[in-house]
Amino acid sequence: MKKVLAVAALALSATSLSAAALTFGDLYGEPAEASLAERTIVVTPGTKYVNVKHGEIVKIVAGGKEFAWDFDGIEQPFELAKIAPQGTINHNVRVYIERSEMDGGLGD
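Mapping of the sequence shown onto my numbering: position 88 corresponds to residue 351, and the numbering continues sequentially without gaps.
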């Protein structure tokens, strides 16, 4: 009987975890219109990281290409190549997300 209860509990917990799975947008944010960008970041071959604020819309220019992103995902570092159009970023560039004033962070 204990095994049956344990299996049932495990099945229920697995179901609840899958329902709460985060989407790509939840993790990293979403593409945005370049005209809405608050600023532009130019990524060069020497760029190792970029700093953005949570909820900030930024236009990113790299290798003659550009895209805009709304950084409203989880406040955790990630590789810029995860969100850039394929072929835009050809080296490791880390994105660091600062809490914004709207999140209760200190900000500027």
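Where is the CB? At the ideal position from N, CA and C, for every residue including glycine.
Which of the three DSSP states is assigned to residue i in this structure?
i: L369; result: Reliability fails at L369, whose pLDDT of 49 lies under 50, so the model's placement of it is uncertain and no value is given.
Are residue i and residue j close, meaning C-beta to C-beta below 8 angstroms?
i: A325; j: A297; result: no
i: I356; j: V313; result: Residue 356 is actually Val in this sequence, not Ile. Closer than 8 angstroms, so yes.
i: D333; j: I320; result: yes
i: S363; j: K316; result: yes
Quick check: is the beta carbon of residue i nearer than 8 angstroms to any beta carbon in chain C?
i: G327; result: No chain C is present in this structure, which holds just one protein chain.
Tell me which residues share the same chain as residue i and place their Cβ nearer than 6 angstroms to its Cβ, disregarding the 5 neighbours each side in the sequence.
i: V358; result: V313, F341 and L343
i: T278; result: Confidence at T278 is low in this model, with a pLDDT of 49, below 50, so its placement is unreliable and the value that follows should be read with caution. Excluding sequence neighbours, T278 sits near nothing in its chain.
Ignore the nearest five residues each way along the sequence and tell me which others in residue i's own chain have a CB closer than 7 angstroms to its CB.
i: H354; result: P308
i: K328; result: P348 and T351
i: L290; result: G336 and I337
Between residue i and the rest of its own chain, which residues show a CB-CB distance below 8 angstroms, the 5 nearest in sequence each way excluded?
i: L285; result: I337
i: E301; result: E319, I320 and V321
With hydrogens ignored, establish whether the beta-carbon of residue i is closer than 7 angstroms to any heavy atom of the ligand MG.
i: V305; result: The ligand content of the structure shown is nil, which means the ligand MG is not present either.
_For a minimum of 4 consecutive residues, which ranges assigned as the alpha helix (DSSP H) are wholly contained in the region 284-348?_
If we require 4 residues or more, the alpha helix (DSSP H) runs fully inside the region 284-348 come out as 287-291.
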